[in-house]
Amino acid sequence: MSQESGKLMLRELTSDQRRQLIDTQQVYESWRSADDEHQRRFVGSMRWAKRNGVEYLLRKVGQTENSLGPKSEATEKSFAAFFEGRERNRDLLSGLSDRLNGLARINVAMGLGRVPAIAARILRRCAETDLLGKQLLVVGTNALFAYEALAGVQVTSGLTATGDIDLLFDSRRRISFVTAEKITQSGLIGVLRKVDRSFKPLQPRSFRATNRDGYLVVEPQQVVLG
Numbered sequence: 008m009s010q011e012s013g014k015l016m017l018r019e020l021t022s023d024q025r026r027q028l029i030d031t032q033q034v035y036e037s038w039r040s041a042d043d044e045h046q047r048r049f050v051g052s053m054r055w056a057k058r059n060g061v062e063y064l065l066r067k068v069g070q071t072e073n074s075l076g077p078k079s080e081a082t083e084k085s086f087a088a089f090f091e092g093r094e095r096n097r098d099l100l101s102g103l104s105d106r107l108n109g110l111a112r113i114n115v116a117m118g119l120g121r122v123p124a125i126a127a128r129i130l131r132r133c134a135e136t137d138l139l140g141k142q143l144l145v146v147g148t149n150a151l152f153a154y155e156a157l158a159g160v161q162v163t164s165g166l167t168a169t170g171d172i173d174l175l176f177d178s179r180r181r182i183s184f185v186t187a188e189k190i191t192q193s194g195l196i197g198v199l200r201k202v203d204r205s206f207k208p209l210q211p212r213s214f215r216a217t218n219r220d221g222y223l224v225v226e227p228q229q230v231v232l233g
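So that you can map any letter, position 195 of the sequence shown is 202 in this note's numbering, and since no number is skipped, the others follow by simple counting.
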């Protein structure tokens with residue numbers, strides 16, 4: 008069924024499309040949960056090292072390595088739990104990633120894969136770095152895809168055809184007026200380069216960036232919500 012609102016045509020999803028969308032959302036939430044556990048518990052490594060004749064359990068994250076204490080029943084359990092848990096987490100993430108890739112192909116075939124691939128990759132990276140929805144909000148025509156998913160419809164007009172994605176910068180994390188640390192230009196470009204190393208600012212100290220394919224990330228506008 009289609010409904011016309013001004014220049015917009017809203018086409019309701021079929022029952023099959025709705026079920027597919029729900030399945031995809033549920034698998035993605037499971038993947039996000041598993042990835043969050045990986046980031047919280049399993050980033051880095053553990054090893055045993057002797058210092059002054061005493062064996063210690065060391066945990067390294069990034070360039071920082073800290074001692075978790077001398078070898079004991081408790082540290083041996085921590086050591087075993089870390090590697091066993093990390094292996095289970097890797098298996099879970101691998102299985103969920105394969106499932107998402109399969110669902111993505113079905114989504115395209117069913118007319119559900121409407122978000123441009125580069126936009127989806129940028130948004131996923133922003134979500135992984137905990138920026139999306141807190142410091143960065145999507146605005147402009149690309150935001151329509153989120154409304155489509157929430158409403159169970161598709162917008163059929165030229166409004167979703169632009170080639171840019173507007174990232175609206177919000178200087179606060181919450182409407183409760185808790186002041187958030189502002190994202191820097193180098194921080195945003197760093198996130199984009201995790202997606203595509205060819206992204207670069209159009210001008211020094213500019214938030215506007217483009218990649219080698221000419222895909223544009225528009226300068227965020229700073230606003231205060233609430």
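Cβ coordinates follow ideal geometry from the N, Cα and C atoms, glycine included.
Item	Value
Can you tell me which residues form a DSSP beta bridge with Glu62?	Lys57
Pop quiz: Val225 and Arg215 are said to be a contact at Cβ under 8 angstroms. What is the actual Cβ separation, rounded to whole angstroms?	6 angstroms
Considering Asn108, what are the terminal residues of the alpha helix (DSSP H) in which it resides?	Glu80 to Ala116
Report yes if the CB atom of Val122 is closer than 9 angstroms to the CB atom of Leu130, and no otherwise.	yes
How many angstroms separate the CA atom of Gln24 from the CA atom of Thr163?	16 angstroms
Determine the DSSP secondary structure at Arg219, reduced to helix, strand or coil.	coil
For Glu83, count neighbouring Cβ atoms within 10 angstroms of its own Cβ and tell me buried if that reaches 16, exposed if not.	exposed
Check Val162 in the structure and name its three-state DSSP category.	strand
With H, G and I counted as helix, E and B as strand and the rest as coil, what does DSSP make of Gly194?	helix
Measure the CB-CB distance between Gln161 and Arg26 and report whether it falls below 9 angstroms.	no
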